[in-house]
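Asks: I'd like to ask some things about the structure below.
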Amino acid sequence: MTTAPPHLDASELLRGAGLRVTDSRRAVVEALRAKPHVSADEVFQLARRYVPQSSLQSVYNALTDFVDAGLVRRIEPAGRPGLFELRVDDNHHHLVCTGCGAVEDVDCAVGPAPCLTPSDSHGYTVQVAEVTFWGLCPACASAARDR
Ligand SMILES: [Zn+2]
Ligand SMILES: [Zn+2]
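So this is what it looks like as structure tokens:
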């Protein structure tokens with residue numbers, strides 16, 4: 001797993017990814033550290049806590065640059081806004097609650113990325129496999145039972 005090492009501060013992470021360090025970029029890194037799987041709007045809300053003058057446009061720009069630099073992964077569960085996280089390059093998957101939209105990380109089911117080997121690749125060179133498990137989180141499941 002290559003989750004951002006906790007001992008590195010935001011500036012070091014940015015430099016490590018070959019990115020220039022700016023206040024608004026650092027704010028976006030801190031926002032993603034505070035909460036994984038957040039939409040650009042949520043990143044913006046969080047980033048303003050660190051750098052009050054952050055603009056939505058600067059947050060969008062930073063997220064695009066981070067994805068391009070491989071620092072951030074964007075996931076797009078069907079019908080949801082794109083979500084961003086700092087955990088990259090480990091082929092992990094996601095559980096998404098159809099009730100409240102909660103998202104959890106899940107590792108590959110068995111062994112090192114077995115889902116990168118489709119039963120028939122149709123001649124494609126497969127680089128990424130994204131699996132989204134849909135269901136109800138424990139809180140939504142128990143709320144549904146109580147209803
Ligand atoms: Zn839920
Ligand atoms: Zn994740």
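98 is the number that this note's numbering gives to position 98 of the sequence shown; each next residue is one higher, with no gaps.
Using N, Cα and C, we set each Cβ at its ideal position, and we do this for glycine too.
Quick caveat: nothing in here was measured; it's all calculated off a predicted structure.
Please state whether DSSP places T132 in a helix, a strand or coil.
Replies: Residue state, collapsed to three classes: strand.
Asks: Helix, strand or coil for C108? Go by DSSP, reduced to three states.
Replies: Coil.
Asks: Measure the beta-carbon distance from E104 to L95 and round it to whole angstroms, keeping in mind my assumption that it falls under 8 Å.
Replies: Confirmed, Cβ separation roughly 4 Å.
Asks: Alpha carbon to alpha carbon, how far is S39 from R49?
Replies: Between S39 and R49, the C-alpha separation is close to 16 Å.
Asks: Cβ atoms of V28 and L56: under 8 Å apart, would you say?
Replies: Cβ distance not < 8 Å, so L56 and V28 don't count as in contact.
Asks: Kindly indicate which three-state DSSP category L83 falls into: helix, strand or coil?
Replies: Looking at L83 - three-state DSSP - the assignment turns out to be strand.
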